Amino acid sequence: MTEMSVRQWQERFRAGDFSSKDRAVQCEAGWYDWFCQDDALAGRLQKLSKVVMGITDPYILDHYYVWFKNNCPLSGPLYDDIRFEPLHGDRSGKYFVVIRDSPHEAHKWTLYTGRHGFEQPEFTCGNVRDMLRHINSMAPESWRGNPPPEKAMHPPQKKRKEAER
Numbered sequence: 141m142t143e144m145s146v147r148q149w150q151e152r153f154r155a156g157d158f159s160s161k162d163r164a165v166q167c168e169a170g171w172y173d174w175f176c177q178d179d180a181l182a183g184r185l186q187k188l189s190k191v192v193m194g195i196t197d198p199y200i201l202d203h204y205y206v207w208f209k210n211n212c213p214l215s216g217p218l219y220d221d222i223r224f225e226p227l228h229g230d231r232s233g234k235y236f237v238v239i240r241d242s243p244h245e246a247h248k249w250t251l252y253t254g255r256h257g258f259e260q261p262e263f264t265c266g267n268v269r270d271m272l273r274h275i276n277s278m279a280p281e282s283w284r285g286n287p288p289p290e291k292a293m294h295p296p297q298k299k300r301k302e303a304e305r
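The sequence shown begins at 141 in the working numbering and counts up by one.
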């Protein structure tokens, strides 16, 4: 698995670099762990690619990479997820997972994030458009290193007498 930015992944996907059913190609695309047959990975990637290709937030595009996991629950069918992880630095609160068709979730698409402790979904929906709308608007300024204006540190105001001295 190669850690390339989401933007680079999109470019390579558009170029057809991940269309082969070859196991090595699918590993290059980001498959890390799977229980399905190797030749099923390319088809599963096509379904998951809708999320990755729909990312437009510049911060996520340039500061994250993706990898894919095919999950085998104790009961129920196999299901897939996409993991978005920061390319560099601390991932706490920034790592997030998009799950597709889990038998344990109420909706087709489910988002878990580190900022919510992975205990409960942050967002669930029935279609990829709604999921993308949420993902593309969720990267807070604190992820980018710029606190929102109301949270920015301001130097303490000098009292009037100190200012007059």
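We put the CB at the ideal spot given by N, CA and C, even for glycine. All figures in this text were calculated on a predicted structure; none of them were measured in a lab.
Inset, instruction - Assign N267 to one of three DSSP states: helix, strand, or coil. - result: N267: coil per DSSP, three-state reduction.
Inset, instruction - Can you give me the start and stop residues for the alpha helix (DSSP H) that W149 sits inside? - result: Unbroken alpha helix (DSSP H) run through W149: V146 to R154.
Inset, instruction - Take the Cβ of T253 as the centre, count every other Cβ of all protein chains shown within 10 Å, and call the residue buried at 16 or more, exposed below. - result: Only buried fits T253, as 16 or more other CB atoms lie within 10 angstroms of its CB.
Inset, instruction - Tell whether a beta-carbon distance below 8 Å holds between L188 and I195. - result: Cβ atoms of L188 and I195: not closer than 8 Å.
Inset, instruction - In angstroms with no decimal places, state the Cα-to-Cα distance between S277 and D197. - result: Using only the alpha carbons, I get a separation of about 7 Å.
Legend entry - Between the CA atoms of V192 and E245 - distance to the nearest angstrom: C-alpha separation (whole angstroms): 21 Å.
Legend entry - Helix, strand or coil at P217 [DSSP, three-state]: For P217, the secondary structure class from DSSP, reduced to helix, strand or coil, is coil.
Inset, instruction - Using only alpha-carbon positions, find the residue among V206, P243, P217 and D220 that is nearest to L227. - result: Of the candidates V206, P243, P217 and D220, the one whose C-alpha sits nearest the C-alpha of L227 is V206.
Inset, instruction - Rank L272, D221, P217 and L214 by C-alpha distance to the C-alpha of F208 and give the top, closest one. - result: Taking F208 as reference, the option from L272, D221, P217 and L214 with the minimal CA-CA separation is D221.
Inset, instruction - Have a look at V238 and D178 and give me their C-alpha separation to the nearest angstrom. - result: V238 and D178: Cα-Cα distance of roughly 21 Å.
Inset, instruction - Determine the DSSP secondary structure at P198, reduced to helix, strand or coil. - result: Secondary structure at P198: helix, using DSSP grouped into helix, strand and coil.
Inset, instruction - Give the single residue among Q150, R255, P243 and P213 whose Cα lies nearest to the Cα of K190. - result: The shortest Cα separation from K190 among Q150, R255, P243 and P213 belongs to Q150.
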